[in-house]
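A quick write-up on the structure given underneath.
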Amino acid sequence: MTLKIFKLNKNWLFWSPILLGLLVLYVPTYQALAINIWSTEEQGHGPIILFISLFFIWQKRAFFFGSYNEGMEPNKFFGSVFLLIGLSLYIVGRSQGLLFLEALSQIFVLFSILLLVSGVQGVKVFWFPLLFLVFLLPLPASFVDALTLPMKIAVSNVAEFVLYNLGYPIARDGVILQIGFYKLLVADACAGLHTVFTLEAMGLLYLHLIKRDSFARNVSLAILIVPIAFFANVVRVMILVLITYYYGDEVGQGFIHDFAGFVLFATALLFIIGVDSVIHYFERKYKKKLKANG
Amino acid sequence: MNIYTSIVIFLLMVLAALASIALKPDFELKAKEIPAFKEIIPISFSGWEMIVHDYQQISLSVEDERNIDQPYDAILMETFQNSSKETIMLAVAYGANQQQEIKIHRPELCYPAQGFQVEEINDLEYEVDVNNKIYRFNLTQMVSKSRQRREVTLYWIRIGNMISSNPWKIRWNILKGGLSQDIPDGILVRTSQVLSKNLSVEQAIKMQKEFIQNLLTGIHEKESSNLTLFIPNGASNYAR
Chain A
156 MTLKIFKLNK NWLFWSPILL GLLVLYVPTY QALAINIWST EEQGHGPIIL FISLFFIWQK
216 RAFFFGSYNE GMEPNKFFGS VFLLIGLSLY IVGRSQGLLF LEALSQIFVL FSILLLVSGV
276 QGVKVFWFPL LFLVFLLPLP ASFVDALTLP MKIAVSNVAE FVLYNLGYPI ARDGVILQIG
336 FYKLLVADAC AGLHTVFTLE AMGLLYLHLI KRDSFARNVS LAILIVPIAF FANVVRVMIL
396 VLITYYYGDE VGQGFIHDFA GFVLFATALL FIIGVDSVIH YFERKYKKKL KANG
Chain B
284 MNIYTSIVIF LLMVLAALAS IALKPDFELK AKEIPAFKEI IPISFSGWEM IVHDYQQISL
344 SVEDERNIDQ PYDAILMETF QNSSKETIML AVAYGANQQQ EIKIHRPELC YPAQGFQVEE
404 INDLEYEVDV NNKIYRFNLT QMVSKSRQRR EVTLYWIRIG NMISSNPWKI RWNILKGGLS
464 QDIPDGILVR TSQVLSKNLS VEQAIKMQKE FIQNLLTGIH EKESSNLTLF IPNGASNYAR
């Protein structure tokens, strides 16, 4: 009786040095990410992203062991170029404490290995997990802070505008909303840039899972997720304001901690499915018209 | 698939891992002297006197960030008063090893983190005459407001041998230093005043500019070698 999984065949011999090399490079990186980044509220989605990426790689495991990748043409030149770029990014990032570069290098390195082994066709097999790893990148604090404040102001602005026109006694001062006797500060976590990234990741996952064949539709929806994330934040802030107005401060604060995130994602998901259906409808109509004409 | 390809890839990866360890700056190597601001900054100079005041200064770091909470090795926060009872708050923060993610916090980030809204921020060219030597560098001027008060702040940050308000230039400077085993130190000097009906933005800026001139002169008079802690020699190409 032989244990099939431990059989040393050519594939194992080929892939184990690469796997070992990846572990040498990136186990410390993930350690640093886990300690410094994933423990924060804003980027707590990191492990989920990693898990999803690994899952999609696992799904295509036949690539590593079967004859699945035979007949694919390696691209040695670009593979080497990207490997050198990736490793340089790694060296600079790791030695100088630039976690962003370090995490970015991973995408380059994986990309280059696929090119070296099986060229563009190999990259195509794994395009989704490669793209998904982008959401693992820890954004530099200065970048996040620069974009978060205007977004917070805009979110509070729109929420105030809508509620005011619905006849509520609401006023705004910067990012502080006042309704009735209550004052609410729109915090970073309420409207942060991170929610946009998390939602973008979720949206892409949704698109990938339902496997739309239309490229144009994938791209347009991926872009539309940004305004969708914005309005989902507006809805969340409005719900929060209204709950505080009707049920008091305590209920509102409880709501923040228990349900606000859930509301955000539920709203966004509804928006995404809605927009997706609308695009789908127009696309079908357009295609019908093409057929009728052609 | 060729086994040699995978072995070459493996070796390159190990090489990169080793290189990243070798290029890691050695912080122990060049232990820098931590400045004792209590001795460096004079208690009184040109009509200004250090006083005990209960104004709460805006903290020097950004709250709720882990590991980079305390990027400083030495801090001084004092209030000075002149003969007409006008006050200026001075905050000085020093970090011996400036790294990409562990470096001096810019006031336009710490103020909002503490409930302030930045109304206005811009660079202004500054020229200071210390001991008949002219130093030129840019100050950043910031007007910010919270629910309780409005503040006018002037500040500059020296990282290594440069004063710049451009975050990319600073990052690049730190990166260059880090790769050549020469980690720059950094200092933030910040003056601020709470605005009132007796103090306009323009008056505050003028007063703080003069204050900085007097402060630097006072530091120089006390111990001339300490001046380079605050402004790099490079800022002075204009010996008079």
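So the sequence lines, in the order shown, correspond to chains A and B. So for the first sequence, our numbering puts the first residue at 156; every next one is plus one. So for the second sequence, our numbering puts the first residue at 284; every next one is plus one. Even for Gly, the Cβ is constructed at its ideal location relative to N, Cα and C. Computed from a predicted structure; not experimentally measured.
According to the neighbour-count rule (16 or more other Cβ atoms, all chains shown, within 10 Å of its Cβ), is residue i buried or exposed?
i, result
"Val472 of chain B", "buried"
"Pro382 of chain A", "exposed"
"Tyr441 of chain A", "exposed"
"Glu315 of chain A", "buried"
"Tyr337 of chain A", "exposed"
"Pro172 of chain A", "buried"
"Val392 of chain A", "buried"
"Ser260 of chain A", "buried"
"Ile378 of chain A", "exposed"
"Leu269 of chain A", "buried"
"Arg439 of chain A", "exposed"
"Glu355 of chain A", "buried"
"Pro324 of chain A", "exposed"
"Lys165 of chain A", "exposed"
"Phe605 of chain B", "Given that chain B is displayed from residue 284 to residue 523, the structure contains no residue 605 of chain B and the question cannot be resolved."
"Ile398 of chain A", "buried"
"Phe266 of chain A", "buried"
"Val374 of chain A", "exposed"
"Glu434 of chain B", "buried"
Measuring alpha carbon to alpha carbon, tell me which of the options ends up nearest residue i.
i, options, result
"Leu498 of chain B", "B:Ile466, B:Ile371 and B:Ile446", "B:Ile371"
"Ile334 of chain A", "A:Ser311, A:Ser194 and A:Glu355", "A:Ser311"
"Gly322 of chain A", "A:Phe233, A:Tyr400 and A:Pro202", "A:Tyr400"
"Gly501 of chain B", "B:Ile457, B:Val411, B:Ala357 and B:Leu462", "B:Val411"
"Lys428 of chain B", "B:Asp406, B:Ser447, B:Arg454 and B:Pro395", "B:Pro395"
"Ser273 of chain A", "A:Ile378, A:Phe233 and A:Met227", "A:Met227"
"Ile304 of chain B", "A:Trp193, A:Gly248 and A:Tyr185", "A:Gly248"
"Ile331 of chain A", "B:Ile387, B:Phe399, B:Phe513 and B:Leu294", "B:Phe399"
"Phe352 of chain A", "A:Gly329, A:Phe287, A:Tyr402 and A:His363", "A:Phe287"
"Leu422 of chain B", "B:Asp406, B:Pro467 and B:Arg432", "B:Asp406"
"Pro293 of chain A", "A:Val389, A:Phe232, A:Trp193 and A:Ser432", "A:Trp193"
"Leu295 of chain B", "A:Leu304, A:Gly407, A:Val390 and A:Ile246", "A:Ile246"
"Val390 of chain A", "A:Ala423, A:Val278, A:Val374 and A:Val299", "A:Ala423"
"Asn516 of chain B", "B:Ile442, B:Gln464, B:Thr362 and B:Ser448", "B:Ile442"
"Ser463 of chain B", "B:Asn285, B:Met360, B:Leu306 and B:Glu403", "B:Leu306"
Would residue i and residue j qualify as a contact pair, given that the criterion is a beta-carbon distance under 8 Å?
i, j, result
"Met425 of chain B", "Glu391 of chain B", "yes"
"Leu395 of chain A", "Leu318 of chain A", "no"
"Ile495 of chain B", "Leu437 of chain B", "yes"
"Val451 of chain A", "Lys307 of chain A", "The shown model of chain A, from 156 to 449, leaves out residue 451 of chain A, and the question about it has no answer."
"Met387 of chain B", "Gly469 of chain B", "Reading off the sequence shown, one finds Ile at residue 387 of chain B, where the question assumed Met. In contact: Ile387 of chain B and Gly469 of chain B (Cβ atoms closer than 8 Å)."
"Phe237 of chain A", "Phe263 of chain A", "yes"
"Ile292 of chain B", "Leu174 of chain A", "no"
"Tyr418 of chain B", "Ile514 of chain B", "yes"
"Pro450 of chain B", "Gln381 of chain B", "no"
Just to check, is the beta-carbon of residue i closer than 7 Å to a non-hydrogen atom of the ligand ZN?
i, result
"Ile514 of chain B", "Judged by which ligands are present, the structure shown has none, so any question about the ligand ZN falls away."
Exercise. Along the stretch 461–483 of chain B, what residues have a CB closer than 9 Å to any CB found in chain A?
Worked result: The stretch 461–483 of chain B vs chain A, Cβ under 9 Å: Gly461 and Leu462.
For this session: Taking only beta carbons into account, state which residues of the stretch 294–313 of chain B come closer than 7 Å to chain A, listed in chain order.
Result: Within the stretch 294–313 of chain B, the residues whose Cβ lies closer than 7 Å to some Cβ of chain A are Leu295, Met296, Val297, Ala299, Ala300, Ala302, Ser303, Leu306 and Lys307, listed in chain order.
Exercise. Are the stretch 237–244 of chain A and the stretch 288–305 of chain B in contact at 8 Å, needing three or more beta carbon pairs?
Worked result: Contact holds: three or more Cβ-Cβ distances are below 8 Å.
Problem set entry | Residues from the stretch 385–407 of chain B in contact with chain A, defined by Cβ distance under 7 Å | The stretch 385–407 of chain B vs chain A, Cβ under 7 Å: Leu392, Pro395 and Gln400.
Exercise. Can we say the stretch 175–188 of chain A touches the stretch 249–259 of chain A, given the rule of at least three CB pairs closer than 8 Å?
Worked result: Flag = yes, the stretch 175–188 of chain A and the stretch 249–259 of chain A touch.
Problem set entry | Residues within the stretch 424–456 of chain B neighbouring chain A, beta-carbon criterion of under 7 Å | If the cut-off is 7 Å between Cβ atoms, the stretch 424–456 of chain B has Pro450 near chain A.
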